[in-house]
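Asks: Could you have a look at this structure, given as structure tokens, before my questions?
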Amino acid sequence: MALKMFNEMKTQKCKPNICTYTALVNAFARSGLCEKAEEVFEELQEAGLEPDVYTYNALMEAYR
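If you read the sequence shown in UniProt numbering, its first letter stands for residue 1, the second for the next number, and so on.
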């Protein structure tokens with residue numbers, strides 16, 4: 001569901017921000033989808049955004 005909403009945002013030209021990316025990283029991490037969480041993390045960096053402490057914590061949660 002989170003990925004669907006994220007993709008819909010991009011389709012509607014609504015530019016995701018760091019909070020949006022972090023929420024998606026967190027959703028994948030909590031679902032045990034480490035690789036997907038990493039993909040989103042890399043995508044946010046490619047989008048020119050700087051990960052914050054919440055983003056790093058969400059990514060680390062994937063490997064807990």
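Quick reminder that beta carbons are idealized off the backbone N, C-alpha and C, glycines included.
(1) Restricting to Cα atoms, I'd like to know which of Ala58, Glu46, Gly32 is closest to Pro16.
(2) What residues in its chain sit with their C-beta under 6 Å from that of Phe6, if we drop five residues either side in the sequence?
(3) Verify whether the separation of the beta carbon atoms of Thr55 and Phe41 is less than 8 Å.
(4) In this structure, does DSSP put Glu50 in helix, strand or coil?
(5) Check Arg30 in the structure and name its three-state DSSP category.
Replies: Considering the structure as presented:
(1) Glu46
(2) Leu24
(3) yes
(4) coil
(5) helix
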